[in-house]
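Student: Residues in the sequence shown are numbered from 174 upward in steps of one, following our numbering. Backbone N, C-alpha and C define an ideal beta-carbon position, used for all residues, glycine too.
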Amino acid sequence: MAHEHKLEIFRGRWKFKSNTQKIWGVLAFLTFVTAIEVILGIYKPEFLMHTWISPLEGGFFATIGNI
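#1: Taking the DSSP output, what are the residues bridged to K188?
#2: Got a sec? Which residues, its chain only, sit under 7 Å from H178 by beta carbon, not counting five neighbours each side?
#3: Closer than 8 Å by C-beta to I209: which residues in its own chain qualify, once you throw out the five before and the five after it? Chain order, please.
#4: For K190 versus L203, is the C-beta spacing smaller than 9 Å?
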C-alpha cells in the first residue's frame with residue numbers, strides 16, 4: 174500500500190512540492206553546511222581553536238577521543 178511522503182523538513186519549517194524538489198533542497202542545504210565547514214577549516218578562527226572542555230571533564234569517551 175502506497176502512502177504520501179512528507180514533503181517538509183526541519184519540523185515543517187521548509188516545505189516542498191515534490192520529492193525531486195525536496196532532494197534538491199536537501200542537497201543545497203548540505204552544500205551550504207559543507208561550504209561553512211571548509212571556510213572555518215581554512216581560516217581557523219581563534220575563538221574556535223581553544224579547548225572548551227578538559228579531557229577528563231567529558232567522561233570516558235571524551236578522554237578516548239583526545240588520545
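Tutor: Taking the structure as given:
#1: For K188, which the question treats as bridged, DSSP gives the partners E181.
#2: Cβ within range, chain order: N192.
#3: Cβ within range, chain order: n/a, list empty.
#4: No; because the gap between Cβ atoms is not below 9 Å, this pair is not in contact.
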